[in-house]
Amino acid sequence: MSALFMIAAAALLLGPLIAIHEFGHYWVARKLGVKVLVYSIGFGPTLLKWTSKKSGIKYQLSALPLGGYVKMLDEREGNVAEQDLPYAFNRQKPWKRIAIVAAGPLINLIFAVLLFWILFLPAQEQLNTRVGKVIPNSPAATAQLQVGDKIIAVDGKETQTWEKLNFALIDRVGETGNLNIDVDRAGIEKNIVLPIKDFLKNQNESALDVLGFLPYRPVIPAVVTELTADGAAIRQGMKVGDRIVSINGQVMKDWFDVVEVVQHSPEKLLGIDVLRNGQLVHLQVMPQGKRDNMGQVSGVLGVKSDAGKITIPDEYKQTIQYTPLQAFQMSLDKTSQISSMILSSIVKMVKGLIGLENLSGPITIAKVAG
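Here is the structure:
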């Protein structure tokens, strides 16, 4: 079921991008006088097709919109009538052929800029970059980063949001050296130096987990409010209303602690102490292993907790509102940043600084930032 869902989601997301990409080739080719024969989106069984009586171009849509092509008149692909030779792709001047080939990626970049611009226009209330947790014995703890420190820059790059902060960190993937983090501590600016070695190379953890600091997160009681019918927890006797007190002797302060331990324990037997009607009950539960769309296996207990109404202290919140011009500049910066990150990652892979598992691009960024 999950595989079918992933295919459907990929088709839904990639279909429009592919159509736009191919439209770039199609539109520029026609504007430059090259004869287009076919404009096709997808592969597999053809769902729709139509041939224009005016231009003779065949338009078609296939069942799986995960690919596409624009077929142009070309002597290398078949015989071309004498009168049609001026309209063949291979007969065009080099600059025209370059323009047609480049039009696809270029229109995707333009689309990305416009999409980001629309997303940046509304006011956004989000967490500021004030540290909510420092993990004991981590690099951040050793460097004396403190809860409440507001991170204002990483390696000289401004970090107004956690997303920007994560981009700045991911830019150092595979590297060895020092991360320079500027923080605002009660109005006083300080510099924190975090040593890194083969940063994030061959690691599935997020940059923040590796460094040892996290954003603010609200306290959600570790109380079970829902059980999955076929989950590991219900099979071993866990009940709605149970408060998870500890796992393998480790005290669970809130629901996030439970999630963190369980996710890192697929197919491992856990000793879970729960408080039920004032009585301490001990359970032995083995979380099921579940593989996500990035290939990482996480533990799943089959329990949920209703967070209810979450309140975030004002000192951890910020409202960001851009003018249309500022939003457009942000969209340009964002597109450039993602493109640069992908190119940089490819270069680092070629140099052997990172592995293929690090090349999940924006998906990893979204996962880390989330």
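Read in order, the letters of the sequence shown are residues 11 to 380 in our numbering.
All C-beta atoms in this analysis are idealised placements derived from N, C-alpha and C, irrespective of residue type, glycine included.
Bridge partner(s) assigned by DSSP for residue i
i, result
"M82", "V46"
"G187", "I206"
"Q70", "S50 and K59"
"V193", "I161 and K200"
"K300", "S308"
"K167", "V164"
"L383", "Shown here, the chain extends from 11 to 380; a query on residue 383 therefore has no answer."
"L137", "K327"
Where residue i sits in the DSSP three-state scheme
i, result
"Q289", "strand"
"K278", "coil"
"I28", "helix"
"T152", "helix"
"V250", "coil"
"G34", "helix"
"K63", "coil"
"L311", "coil"
"D283", "strand"
"V157", "coil"
"K41", "helix"
"V229", "coil"
"V295", "strand"
"G371", "The pLDDT assigned to G371 is 41, lower than 50, so where the model puts this residue is not dependable; a value taken from the coordinates is nonetheless given after this. In this structure, G371 counts as helix in the three-state DSSP scheme."
Nearest to residue i (by Cα), restricted to the options the options
i, options, result
"V229", "A178, N188, I320 and D84", "I320"
"K249", "S341, T235, P231 and R301", "T235"
"V38", "G66, V111 and L24", "V111"
"P383", "H35, L279 and T333", "The structure shown does not extend to residue 383, since the chain spans only 11 to 380, so no value can be given for it."
"D181", "Q156, K211 and A239", "K211"
"P323", "V295, Q136 and L83", "Q136"
"N138", "I161, D343, I67 and F121", "I161"
"E168", "V357, S354, D194 and G251", "D194"
"G52", "Q260, R40 and H31", "H31"
"S349", "A122, D165 and L279", "A122"
"N89", "I191, V80 and N100", "N100"
"P334", "F126, L24, Y97 and A113", "F126"
"L129", "M340, S355, V357 and S346", "M340"
"D84", "L74, A73 and R107", "R107"
"W265", "P297, V313 and A239", "V313"
"L279", "G288, Q273, E270 and V295", "V295"
"R140", "Q156, A151, Q347 and N176", "Q156"
"G187", "N176, D208, P104 and K344", "D208"
"I206", "Q170, I254, K300 and A153", "A153"
"Q306", "G222, G288, H274 and G25", "H274"
"T238", "L58, Q298, G78 and G288", "Q298"
"P96", "W105, K45, V144 and A109", "K45"
Limits of the alpha helix (DSSP H) - the one that residue i falls within
i, result
"S349", "P334 to K361"
"R245", "A242 to R245"
"P205", "Counting along the chain, P205 falls outside any alpha helix (DSSP H), though it belongs to the beta strand (DSSP E) covering I198 to I206."
"R107", "P104 to F130"
"V271", "W265 to Q273"
Proximity of residue i and residue j at Cβ, strictly below 9 Å
i, j, result
"P132", "W172", "no"
"I244", "G281", "no"
"G142", "Y326", "yes"
"L71", "T56", "yes"
"A242", "L311", "yes"
"A232", "S315", "yes"
"P149", "V220", "yes"
"M82", "L47", "yes"
"V203", "L189", "yes"
"D159", "A178", "no"
"S50", "K64", "no"
"V291", "G247", "yes"
"P75", "I117", "no"
"G43", "Q93", "no"
Opening and closing residue of the beta strand (DSSP E) in which residue i lies
i, result
"P225", "F223 to P225"
"Q328", "K327 to I330"
"A178", "Note, A178: premise wrong, no beta strand (DSSP E); alpha helix (DSSP H) at W172 to I180."
"Q93", "Careful: Q93 lies outside any beta strand (DSSP E) and carries neither H nor E."
"K143", "V141 to V144"
"D215", "Note on identity: in this sequence residue 215 is Glu, with Asp being the wrong assignment. Unbroken run through E215: none, as it is neither H nor E."
"R101", "No beta strand (DSSP E) contains R101, which DSSP labels as neither H nor E."
"G259", "It is not in any beta strand (DSSP E) - G259 carries neither H nor E in the DSSP assignment."
"Q306", "Run containing Q306: none; DSSP gives neither H nor E here."
Minimum Cβ-Cβ distance from residue i to chain B less than 9 Å
i, result
"S62", "Included in the structure is just one protein chain, with no chain B present."
Any non-hydrogen atom of the ligand GTP within 8 Å of residue i CB
i, result
"F209", "Looking at this structure, you won't find the ligand GTP or any other ligand, since it has none at all."
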